[in-house]
Amino acid sequence: MIFLKSEYEIAKMRDAAILVSRTLAEVAKEIQPGVETGSLDIIAEEFIKKNNARPAFKGYGPKDNPFPATLCISINEEVVHGIPGSRKLEEGDIVSIDCGVEKDGYFGDHAYTFAVGECDPEDIKLMKVTLESLYKGIDAAVHGNKTGDIGYAIQQHCEKEGYGVVRDLVGHGIGKSMHEDPSVPNYGKPNRGERLRSGMTLAVEPMITQGDWKVKTLSDKWTIVTADGSKAAHFEHDVVVREGEAEILSTFDYITEITKNEIFQTH
Ligand code: MG
Ligand code: MG
């Protein structure tokens, strides 16, 4: 079931999305070689709670194995859903940090892939192309298009660079639940899938690899890694479908104030 949102609801969702954006920037301040991923998670949890919201990922999932942390921190060949802990970031790592909050009954869910110190130019390119593909997808998220138009735009942009577009995980509707209909695959054909209408709110989130698109799940039953060990990048925004041009609710501006990295400039 797809829920169209009122402007009141969209304002609530904007608040939630911006809190995620600000949380990612708080985390960005601490990203450097030697930092334990678990310490980044504590920063995020405390910041979210201080802002009268709830970390939405913590406790999410099956009762016998709920996600144990505030952030998903996924390093190098880890695509998404990495669990923070005692692992230390190393020079040259690329690290996807995904964060979700529930604030006043509405959800924000948004992610960025960071360079840790100096990275290989090939890895920088992967991040850059993945970020570009996110905006290509968002450009297609307009009233009258279909979800397949979003996926097609992302897939075309990434596959022409020889990258893999992960199939097993997809973007999604978002609102009073973190995951709502419709599914928003990062691959597809034009004019296929669910019709997009003004007031639909979507999390668009390309997950792109330097190799094959196939992935597998580690024994922790959360961490998704590339099957071939190639590196992956992941960026996510929350958007509202509108006539003519989608509105982006989240922002990377707080992050780029911290990173000062021209490669990671926003749209
Ligand atoms: Mg996310
Ligand atoms: Mg998401």
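Numbering (the numbering used here), first residue to last: 1107 to 1373. Don't be surprised by glycine CBs; every beta carbon is placed ideally from N, CA and C.
Rounded separation between ILE1149 and HIS1263 - CA only: Within the sequence shown, numbered from 1, the residue matching residue 1149 stands at position 43. Within the sequence shown, numbered from 1, the residue matching residue 1263 stands at position 157. Near 34 angstroms, if we compare the C-alpha coordinates of HIS1263 and ILE1149.
Which residues DSSP lists as bridging ALA1221, in chain order: In the sequence shown, counting from the first residue as 1, residue 1221 sits at position 115. According to DSSP, ALA1221 bridges with ILE1200.
Looking at the secondary structure, which residues open and close the alpha helix (DSSP H) in which THR1253 lies? Within the sequence shown, the letter at position 147 stands for residue 1253. Residues 1253 to 1265.
From which residue to which residue does the alpha helix (DSSP H) around PRO1227 run? Looking up residue 1227 in the sequence shown gives position 121. Unbroken alpha helix (DSSP H) run through PRO1227: 1227 to 1245.
Relative to ligand 1, is the shortest distance from any of its heavy atoms to the C-beta of GLY1165 smaller than 7 angstroms? Here residue 1165 refers to the residue found at position 59 of the sequence shown. No; taking the cut-off as 7 angstroms, the Cβ of GLY1165 has no heavy atom of ligand 1 nearer than that.
Please state the DSSP three-state secondary structure of HIS1373. Sequence index remark: in the sequence shown, residue 1373 carries index 267 (1-based). Low per-residue confidence applies at HIS1373: pLDDT is 32, beneath 50, and the placement is therefore not dependable, though the value from the model is reported in the following sentence. Note: HIS1373 maps to coil in three-state DSSP.
Under three-state DSSP, which class holds LYS1108? For the purposes of this step, residue 1108 is taken as the residue at position 2 of the sequence shown. Here the sequence assigns Ile to residue 1108, which means Lys is not the residue at that position. Coil at ILE1108, not helix or strand.
Going by the CB atoms, is the gap between GLN1316 and GLY1223 shorter than 8 angstroms? Locating residue 1223 in the sequence shown gives position 117, where the first residue counts as 1. Locating residue 1316 in the sequence shown gives position 210, where the first residue counts as 1. No. Outside cutoff.
Is the closest heavy atom of ligand 1 to the C-beta of GLY1206 under 7 angstroms? Numbered from 1 along the sequence shown, position 100 holds the residue referred to as residue 1206. At least one heavy atom of ligand 1 is nearer than 7 angstroms to the Cβ of GLY1206, so yes.
Using DSSP bridges, identify the partner residues of SER1289. Taking the first residue of the sequence shown as 1, we reach residue 1289 at position 183. DSSP output for SER1289 lists HIS1278 as bridge partner(s).
Residue range of the alpha helix (DSSP H) that ASP1344 falls in? As a first step, residue 1344 must be located in the sequence shown, where it is residue number 238. Per DSSP, ASP1344 belongs to no alpha helix (DSSP H); it is in the beta strand (DSSP E), 1343 to 1346.
Quick one: using the 10 Å Cβ neighbour count with 16 as the cut-off for buried, is VAL1323 buried or exposed? Along the sequence shown, one-based indexing puts residue 1323 at 217. In the sequence as presented, Val is not what sits at residue 1323; that position holds Thr. By the neighbour-count rule (16 or more Cβ atoms within 10 Å), THR1323 is not buried but exposed.
Quick check: the Cα distance between ALA1175 and SER1127, rounded to an integer number of angstroms? One-based indexing of the sequence shown puts residue 1175 at position 69. One-based indexing of the sequence shown puts residue 1127 at position 21. Using only the alpha carbons, I get a separation of about 17 angstroms.
Verify whether the separation of the beta carbon atoms of SER1356 and ALA1123 is less than 8 angstroms. In the sequence shown, counting from the first residue as 1, residue 1356 sits at position 250. In the sequence shown, counting from the first residue as 1, residue 1123 sits at position 17. Closer than 8 angstroms, so yes.
Within its chain, find whatever has a CB closer than 6 angstroms to the CB of ILE1364; leave out the 5 residues flanking it on each side and keep chain order. As a working note, residue 1364 is residue 258 in the sequence shown. Answer for ILE1364: ALA1131, ALA1134, LYS1135, listed in chain order.
Candidates VAL1272, PRO1288, VAL1271, GLY1270, of which the one nearest HIS1278 by Cα: Translated into positions along the sequence shown, residue 1278 becomes position 172. The shortest C-alpha separation from HIS1278 is found at PRO1288.
Report all residues from its chain with a CB closer than 7 angstroms to the CB of SER1304; omit the five preceding and five following residues, and keep chain order. Here the question's residue 1304 lines up with position 198 in the sequence shown. For SER1304, where only same-chain residues beyond five positions count, the Cβ hits under 7 angstroms are HIS1249, VAL1347, ARG1348, GLU1349.
Under a Cβ-count criterion, where at least 16 other Cβ atoms within 10 Å of its own Cβ denotes burial, should TYR1269 be classed as buried or exposed? In the sequence shown, residue 1269 corresponds to position 163, counting from 1. By the neighbour-count rule (16 or more Cβ atoms within 10 Å), TYR1269 is buried.
GLU1342: beta carbon under 7 angstroms from a heavy atom of ligand 1? If you number the sequence shown from 1, residue 1342 lands on position 236. True, at least one ligand heavy atom lies under 7 angstroms from that Cβ.
Please go through the same chain and pick out, in chain order, the residues whose beta-carbon is closer than 8 angstroms to the beta-carbon of ALA1117, but skip the five residues on each side of it. Counting from 1 along the sequence shown, the entry for residue 1117 is found at position 11. Result list for ALA1117: empty, nothing under 8 angstroms.
Would DSSP call SER1084 helix, strand or coil? Residue 1084 lies beyond the stretch modelled for the chain, which goes from 1107 to 1373, so this question has no answer here.
If you measure from the CB of GLU1184, is any heavy atom of ligand 2 nearer than 7 angstroms? For this step, residue 1184 is matched to residue 78 along the sequence shown. Using a cutoff of 7 angstroms, the CB of GLU1184 does not count as near ligand 2, since none of the ligand's heavy atoms is closer than that.
Counting Cβ pairs, one atom from each stretch, are 3 or more of them under 8 angstroms apart for the stretch 1235 to 1242 and the stretch 1180 to 1193? no
Give me the Cα-Cα distance between LEU1110 and ILE1189, rounded to the nearest whole angstrom. As a position in the sequence shown, residue 1110 is number 4, starting the count at 1. As a position in the sequence shown, residue 1189 is number 83, starting the count at 1. Looking at the two C-alpha atoms, the distance is approximately 33 angstroms.
Any chance the CB of ASP1215 is under 7 angstroms from a heavy atom of ligand 1? For the purposes of this step, residue 1215 is taken as the residue at position 109 of the sequence shown. Flag set: Cβ of ASP1215 near ligand 1.
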